[in-house]
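Residue numbers (mature numbering (1 follows the signal peptide of the UniProt record, and there is no 0)): -26 to -1, 1 to 347. Even for Gly, the Cβ is constructed at its ideal location relative to N, Cα and C. Notes for the one structure printed next.
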């Protein structure tokens, strides 16, 4: 009942904000939009899902605001899911000059391939560790000169308390997971990303590198530790073909003698364990077919996580998504066949990069229907 009341209050506040805009403000560029999505899933490793031939349900409603008033821009995406609501991003933006753009608030973390390191609705393996489409509380600056773009960021902490799993972005979680107690959260993070744009005829490429350094804080002991991540990435396109490649590594101080090789993370109302140190390889190939009414993009997204911890029992995690994205007018539909090994959400394992707890490969089908307005 409380969750229902808070969702109604959040929605009412957002609509009240929209209604409070004067005509003059609206003329300056504040625009409202959003997304309504429904989702079908068939889970091969779930007896209930197989018995019912899958499940079809309302997935999400998003309310967006974007634009500029008196030279200061606004970007907001607030989402309502089944059972909870959360901000994806909410930040102010300012164009300092022709080269510099500044953002402040719940802003996107500049790490990895600009945009995404996936084509599918299911995201890539880096997302499940907090390294794709991640948003935290801080400030960022983007500097563009010729073909080079430099992105910098400082993030004080995640968007919500570390005990809250009702969030869009994957962040460190403080609480109990799989019977283990975790008390570490993220703080004081610095990011730097460089991306260089190249082109030769129909061939276009964005080559780049990213670095992330930060601290972890143990709420029980008051101790602090370090964490870091790095990535090399390339986004290539030739006519209708596109290829994304990324190699990254990360390491977290766990500040725990009992659990030296694992951390806990959370998002989407759930929490799970991950290897505290690993490498991740991503390779995504896509082909887009245009039509008079829109387009169909065919793709295969592959991700491999290799644990680098001292625990010899830990095993690799693999996720492969074969699918297509259908764009037609205001609608966008993903049709994905997901296979996973030792991977959260793609099998019965509630972890990434730990000791495998099921028999091996698992499969599921996911179809997401979205209307964008």
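Query	Result
Helix, strand or coil at residue 256 [DSSP, three-state]	strand
Close-in-space but distant-in-sequence residues of the same chain around residue 244 (CB under 8 Å, 5 per side omitted)	139
Beta-carbon proximity check, residue 217 vs residue 210, cutoff 7 Å	yes
Own chain, CB closer than 6 Å to residue 117, minus 5 neighbours either side, in chain order	73, 74 and 124
Neighbourhood of residue 94 by C-beta distance below 7 Å, restricted to the same chain and skipping five residues each side	273, 275, 295, 297, 308 and 310
Delimiting residues of the beta strand (DSSP E) encompassing residue 116	109 to 119
Buried/exposed call for residue 329, threshold 16 Cβ in 10 Å	exposed
Backbone CA spacing between residue 41 and residue 112 [nearest angstrom]	20 Å
Pick from 268, 76, 61 and 231 that is closest to residue 306, judged by C-alpha positions	268
Beta-carbon separation (whole angstroms), residue 26 vs residue 18, contact threshold 8 Å	Incorrect: roughly 13 Å between the Cβ atoms, too far for contact.
Inter-residue Cα distance where the pair is residue 185 and residue 159	20 Å
Selection from 325, 30 and 187 that minimises the alpha carbon distance to residue 227	187
Inter-residue Cα distance where the pair is residue 7 and residue 61	15 Å
Residue 301, enclosing beta strand (DSSP E) - first and last residue	291 to 302
Local conformation of residue 287 per DSSP, three classes	coil
Buried/exposed call for residue 137, threshold 16 Cβ in 10 Å	exposed
Touch test, the segment 276 to 291 against the segment 320 to 329, Cβ-Cβ under 8 Å, three pairs minimum	yes
Candidates 15, 10, 4 and 286, of which the one nearest residue 320 by Cα	15
Coarse secondary structure for residue 25, derived from DSSP in three states	helix
From 57, 96 and 247, residue whose alpha carbon lies closest to that of residue 314	96
Residue span of the beta strand (DSSP E) that contains residue 341, given as start and end	335 to 346
Where the beta strand (DSSP E) containing residue 267 begins and where it ends	Looking at the DSSP string, residue 267 is not in any beta strand (DSSP E), and its letter there is neither H nor E.
The beta strand (DSSP E) enclosing residue 218, as first and last residue numbers	215 to 226
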